[in-house]
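Trainee:
2 protein chains.
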Amino acid sequence: MLTIATANVNGIRAAFKRGMGGWLDDRKPDVLLLQEVRAPDALLADFFPAGWHLAHSEAEAKGRAGVGIASRLPMSAIRIGLGQGVPTNTGRWVEADLELPEGGALTVVSAYLHSGTVGTPSMDEKYAFLDLVSARLAELTAGGGRVVVGGDLNIAHAAVDIKNWKGNLKAAGFLPAERAYLDRWFGAGWRDLGRELGGDGPGPYTWWSWRGKAFDNDSGWRIDYQLATAALADAARTATVDRAPAYDQRWSDHAPLVVEYDL
Amino acid sequence: MLTIATANVNGIRAAFKRGMGGWLDDRKPDVLLLQEVRAPDALLADFFPAGWHLAHSEAEAKGRAGVGIASRLPMSAIRIGLGQGVPTNTGRWVEADLELPEGGALTVVSAYLHSGTVGTPSMDEKYAFLDLVSARLAELTAGGGRVVVGGDLNIAHAAVDIKNWKGNLKAAGFLPAERAYLDRWFGAGWRDLGRELGGDGPGPYTWWSWRGKAFDNDSGWRIDYQLATAALADAARTATVDRAPAYDQRWSDHAPLVVEYDL
DNA sequence: CTTTTTAAG
DNA sequence: CTTAGAAAG
Chain Z
1 MLTIATANVN GIRAAFKRGM GGWLDDRKPD VLLLQEVRAP DALLADFFPA
51 GWHLAHSEAE AKGRAGVGIA SRLPMSAIRI GLGQGVPTNT GRWVEADLEL
101 PEGGALTVVS AYLHSGTVGT PSMDEKYAFL DLVSARLAEL TAGGGRVVVG
151 GDLNIAHAAV DIKNWKGNLK AAGFLPAERA YLDRWFGAGW RDLGRELGGD
201 GPGPYTWWSW RGKAFDNDSG WRIDYQLATA ALADAARTAT VDRAPAYDQR
251 WSDHAPLVVE YDL
Chain L
1 MLTIATANVN GIRAAFKRGM GGWLDDRKPD VLLLQEVRAP DALLADFFPA
51 GWHLAHSEAE AKGRAGVGIA SRLPMSAIRI GLGQGVPTNT GRWVEADLEL
101 PEGGALTVVS AYLHSGTVGT PSMDEKYAFL DLVSARLAEL TAGGGRVVVG
151 GDLNIAHAAV DIKNWKGNLK AAGFLPAERA YLDRWFGAGW RDLGRELGGD
201 GPGPYTWWSW RGKAFDNDSG WRIDYQLATA ALADAARTAT VDRAPAYDQR
251 WSDHAPLVVE YDL
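If you're matching them up, the sequences are chains Z and L in order.
Each residue of the first sequence is one higher than the one before, starting from 1 at the first, in this note's numbering.
Each residue of the second sequence is one higher than the one before, starting from 1 at the first, in this note's numbering.
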């Protein structure tokens with residue numbers, strides 16, 4: 001059984017200070033897809049010493065974004081960024097080809113999409129990046145191989161994926177135009193393992209604002225995903241969001257999404 | 001007995017979080033001269049509710065400098081800043097005239113001089129401000145009244161006022177030109193109560209860097225003072241720096257200088 | 001309400 | 001090494 005976890009850590013230093021290390025020791029994922037690392041390369045390596053293989057896309061803007069892949073399996077290739085010419089060093093996309101124990105390959109991707117704010121340029125950047133992701137997803141399915149794209153997409157797909165969906169119909173992260181991207185990806189064969197193996201909902205959510213009692217009230221959003229190609233999806237056995245009460249310690253505003261694959 | 005304390009709090013919010021409130025309850029000064037308040041007016045007032053009279057000079061630059069006077073005695077006048085035309089709102093000088101219980105008046109000043117860095121414009125600003133202070137001190141002595149100027153002058157007067165004096169002969173805070181200002185003020189009759197009542201030294205120091213083990217090694221500087229006019233100085237009975245072991249909790253990089261006056 | 005960075009000390 | 005503010009989430 002191969003365990004792949006995705007987690008927006010909201011600053012890996014803060015996360016470890018708040019107890020991420022305990023979760024890691026307990027869960028022991030084989031592959032960890034990280035978003036919002038918010039640290040330089042050398043610093044990330046400190047948290048994953050001997051035994052881990054690392055891929056990391058640091059953002060040019062210090063302390064912002066940053067995606068990483070920590071893997072117990074060796075990496076045969078690493079690809080950083082999406083698109084060309086246009087800002088590729090934004091710390092939002094990193095891929096690694098892994099060598100499975102029984103032989104064969106698995107491509108894992110850690111993705112971090114823009115949060116976006118309606119009426120600001122960040123929304124245009126989000127859509128532009130979504131277009132790049134769409135193009136790359138098409139390439140990744142074309143080969144027919146095993147691929148998982150995990151990360152914080154900063155979009156809730158449907159009403160069951162967000163507690164206060166009525167109040168957020170005009171909010172970034174639940175706009176019809178954003179959700180349509182997910183519709184298209186799923187229509188093209190990408191499988192939403194968190195939903196398929198997580199029940200019909202509402203929930204489980206993966207993100208809660210730090211403000212007020214959002215977490216205690218489970219007033220959250222499901223914006224973290226593991227999207228798998230057909231070749232991989234059928235091997236998925238369980239999908240779990242590691243939040244309270246099973247995992248009580250809150251070391252990020254997101255909770256990890258952990259999927260077990262029969263590989 | 002009237003107790004006047006001066007303290008560079010290095011951010012009043014952080015100081016209270018670290019235990020300044022306990023010190024205040026224990027020491028119960030009648031007058032508290034504050035430097036580096038680093039907070040807006042309204043916020044300072046929150047820490048000194050009913051029973052306190054407040055004077056406050058907030059710096060224009062938010063979160064920087066800021067001097068205040070908190071007094072159990074009523075204030076008959078408040079004067080903010082030094083000089084005119086030139087930046088007067090730098091949060092470095094505030095005066096209050098207090099009404100003594102037995103009748104009579106006492107002028108108290110809270111002063112915060114620039115730290116300064118050799119070879120930078122901040123050094124010129126420090127000297128320019130020192131000139132303004134010299135002029136104001138002359139005015140304050142002219143009346144022959146009781147005046148105390150307390151605060152962080154960011155200058156150690158003599159070798160006994162700094163642990164590593166040899167290593168700091170070319171460092172801001174111990175430059176001959178800076179120390180000459182203190183010489184002139186003392187020559188003009190201002191009395192250095194911390195030294196007069198604190199023994200011959202070396203020490204006691206009032207500031208230690210946060211870095212390394214400066215505090216544990218008592219590798220400090222005496223840069224906080226209570227300077228009194230002749231009319232007031234003879235009433236001073238004790239001068240104490242509230243640092244470990246008597247006061248163990250460190251809630252600022254400075255320790256308070258507390259003087260008891262027989263008034 | 002939290003993150004890392006910044007400038008200042 | 002710490003403070004508070006800044007920008008971003």
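Backbone N, C-alpha and C fix where the C-beta goes; we use that ideal spot for every residue, glycine too.
Using 7 Å as the threshold, is the C-beta distance between Val220(L) and Lys163(L) below it?
Mentor: The identity of residue 220(L) in the sequence shown is Gly, whereas the question assumes Val. The answer is yes: Cβ separation under 7 Å.
Trainee: Run the CB neighbour count on Thr120(L), radius 10 Å, all protein chains shown included, and call it buried at 16 or more, exposed below.
Mentor: Label assigned to Thr120(L): exposed.
Trainee: Would you kindly check if the distance between the Cβ of Gly201(Z) and the Cβ of Ala239(Z) is under 7 Å?
Mentor: No, the pair does not count as a contact, with Cβ atoms beyond the cut-off.
Trainee: When DSSP labels each residue in this structure, what does Asn8(L) get in the three-state scheme?
Mentor: Of the three classes helix, strand and coil, the one that applies to Asn8(L) here is strand, per DSSP.
Trainee: How long is the line joining the alpha carbons of Met1(L) and Trp210(Z), rounded to whole angstroms?
Mentor: Approximately 50 Å between the Cα atoms of the pair.
Trainee: Taking the alpha helix (DSSP H) that Leu24(L) belongs to, which residues open and close that run?
Mentor: Note, Leu24(L): alpha helix (DSSP H), Met20 to Arg27.
Trainee: Here's the rule: buried if 16 or more other CB atoms are within 10 angstroms of the residue's CB, otherwise exposed. What is Asn217(Z)?
Mentor: Flag for Asn217(Z) reads exposed.
Trainee: Note down, in chain order, each residue of its chain lying with its Cβ closer than 6 Å to the Cβ of Ala255(L), except the 5 sequence neighbours on either side.
Mentor: Excluding residues within five positions, the ones whose Cβ falls inside 6 Å are Thr206, Val241, Asp242 and Arg243.
Trainee: If the criterion is Cβ atoms closer than 7 Å, does the pair Ala231(L) and Arg146(L) meet it?
Mentor: Cβ atoms of Ala231(L) and Arg146(L): closer than 7 Å.
Trainee: Considering only DSSP beta bridges, list what Gln226(L) is partnered with.
Mentor: Note: Gln226(L) sits in a beta bridge opposite Gly150(L).
Trainee: Start and end of the beta strand (DSSP E) containing Val108(Z)?
Mentor: Start and end: Ala105 to Tyr112.
Trainee: In this structure, does DSSP put Glu260(Z) in helix, strand or coil?
Mentor: DSSP places Glu260(Z) in strand when its eight states are reduced to three.
Trainee: Enumerate, from N- to C-terminal direction, the unbroken beta strand (DSSP E) stretches of 3 or more residues contained entirely within the stretch 21–85 of chain L.
Mentor: Runs found: 31–35, 53–57, 67–71 and 75–80.
Trainee: Going along the chain, which residues of its own chain have a beta-carbon closer than 7 Å to the beta-carbon of Asn168(L), five neighbours each way excluded?
Mentor: Ile162 and Phe174.
Trainee: Could you check the C-alpha separation between Trp190(L) and Ala96(L) for me, to the nearest Å?
Mentor: Rounded to whole angstroms, Trp190(L) to Ala96(L) spans 18 Å at the Cα level.
Trainee: Grab me the residues of Ala159(L)'s own chain with a C-beta within less than 8 Å of its C-beta, minus the 5 sequence neighbours each way, in chain order.
Mentor: Once the five neighbours on either side are set aside, the close Cβ partners of Ala159(L) are Trp165 and Pro202.
Trainee: If you count every other CB in all the chains shown that lies within 10 Å of the CB of Ser76(Z), and 16 or more means buried, which is it?
Mentor: It counts as exposed.
Trainee: Among residues of its own chain, excluding the 5 on either side of Phe215(Z), which ones have a beta-carbon nearer than 7 Å to its beta-carbon?
Mentor: Hits under 7 Å: Trp208 and Arg250.
Trainee: Closer than 8 Å by C-beta to Asp41(Z): which residues in its own chain qualify, once you throw out the five before and the five after it? Chain order, please.
Mentor: Hits under 8 Å: His56 and Glu58.
Trainee: Would you mind working out which of Ala5(Z), Glu125(Z) and Leu33(Z) sits nearest Leu113(Z), comparing C-alpha positions?
Mentor: For Leu113(Z), the nearest C-alpha among the options comes from Glu125(Z).
Trainee: From Val109(L) to Asn8(Z), what does the alpha carbon distance come to, in whole angstroms?
Mentor: Cα-Cα distance, rounded: 52 Å.
Trainee: Does the beta-carbon of Leu257(L), which I'm using as the reference point, lie nearer than 6 Å to any heavy atom of the ligand GDP?
Mentor: The ligand GDP is absent from the structure shown, which contains no ligand whatsoever.
Trainee: Closer than 8 Å by C-beta to Leu98(L): which residues in its own chain qualify, once you throw out the five before and the five after it? Chain order, please.
Mentor: Taken in chain order, the residues that qualify are Val31, Ser71, Leu73, Pro74, Met75, Ser76, Ala105, Leu106, Thr107 and Val108.
Trainee: Since Trp208(Z) sits in a beta bridge, which residues does DSSP pair it with?
Mentor: According to DSSP, Trp208(Z) bridges with nothing at all.
Trainee: Suppose you measure from the CA of Asn144(Z) to the CA of Met20(Z); what does that come to, to the nearest Å?
Mentor: A quick correction: the sequence has Gly, not Asn, at residue 144(Z). Cα to Cα, the separation comes out at about 35 Å.
Trainee: Please identify the residue among Ala142(Z), Asp224(Z) and Leu182(Z) whose C-alpha is closest to the C-alpha of Asp131(Z).
Mentor: Among Ala142(Z), Asp224(Z) and Leu182(Z), the Cα nearest to that of Asp131(Z) is on Leu182(Z).
Trainee: Reducing DSSP to helix, strand and coil, say where Glu99(Z) ends up.
Mentor: Strand at Glu99(Z).
Trainee: How many Å lie between Ser122(Z) and Asn89(Z) at the Cα?
Mentor: So the alpha carbons of these two residues sit roughly 16 Å apart.
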